[in-house]
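Residue numbers in the sequence shown follow the working numbering, run continuously in steps of one, and reach 1526 at the last position.
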Amino acid sequence: MEHNRFEAFRRMALSFPGVVEAVSYGTPSFKLKDKQLARFHEDGVSLVLKMDMETRDFVLQAEPVVYSMPDHYKKYPYVLVKLAEADMDELKGHFLRSWRANAPKKLLREHEGTLERE
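Below you can see the structure in the form of structure tokens.
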């Protein structure tokens, strides 16, 4: 397991307002108001990341070494990310977009403009 990468992702995810750590499929997951934004995959090397399907399709073509999608994910807005290959700043950007898409309006208003500066 890429322990340092997983820990870096954990710290980053938990720095977002309202995000809490839980357990999904026996692995740590990161949720916002019961909506799963990401979780560590049981393979020990990947992250399951919530992502809009248009972006998912783009990254799958643009960076197939980093991003993959099992057949059973095709209907769902998730992608697998190989953490050892991922650019952490890019990953944070994807997580931010997922956070924004799932955050309640009140939480968005309270933190408008602050997350971009971090």
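For glycine and all other residues, C-beta sits at the position ideal for the given N, C-alpha and C. Since the model is a prediction, treat every value here as computed from it, not as a measurement.
- When the alpha-carbon of T1435 is set against those of D1451, P1478, A1494, the nearest one is in D1451.
- In this structure, the straight-line span from the alpha carbon of V1467 to that of Y1475 is close to 7 Å.
- Counting other Cβ atoms within 10 Å of its Cβ, S1423 stays below 16 and is therefore classed as exposed.
- Taking C-beta atoms under 8 Å as the contact rule, K1458 and S1506 qualify, at a distance of about 5 Å.
- Our two residues, E1462 and D1479, have alpha carbons roughly 17 Å apart in a direct line.
- Annotated as distal: V1456 and K1490, with beta-carbon spacing of 9 Å or more.
- Secondary structure note for V1473: it is in no alpha helix (DSSP H), with a DSSP letter that is neither H nor E.
- When C-alpha distances from A1446 are compared across L1515, F1417, L1516, the shortest belongs to F1417.
- Per DSSP, the unbroken alpha helix (DSSP H) holding E1498 starts and ends at 1496-1510.
- Shown here, V1453 sits in coil according to DSSP, grouped into three states, outside any helix or strand.
- Membership of K1443 in the beta strand (DSSP E) is indicated by the continuous run 1443-1448.
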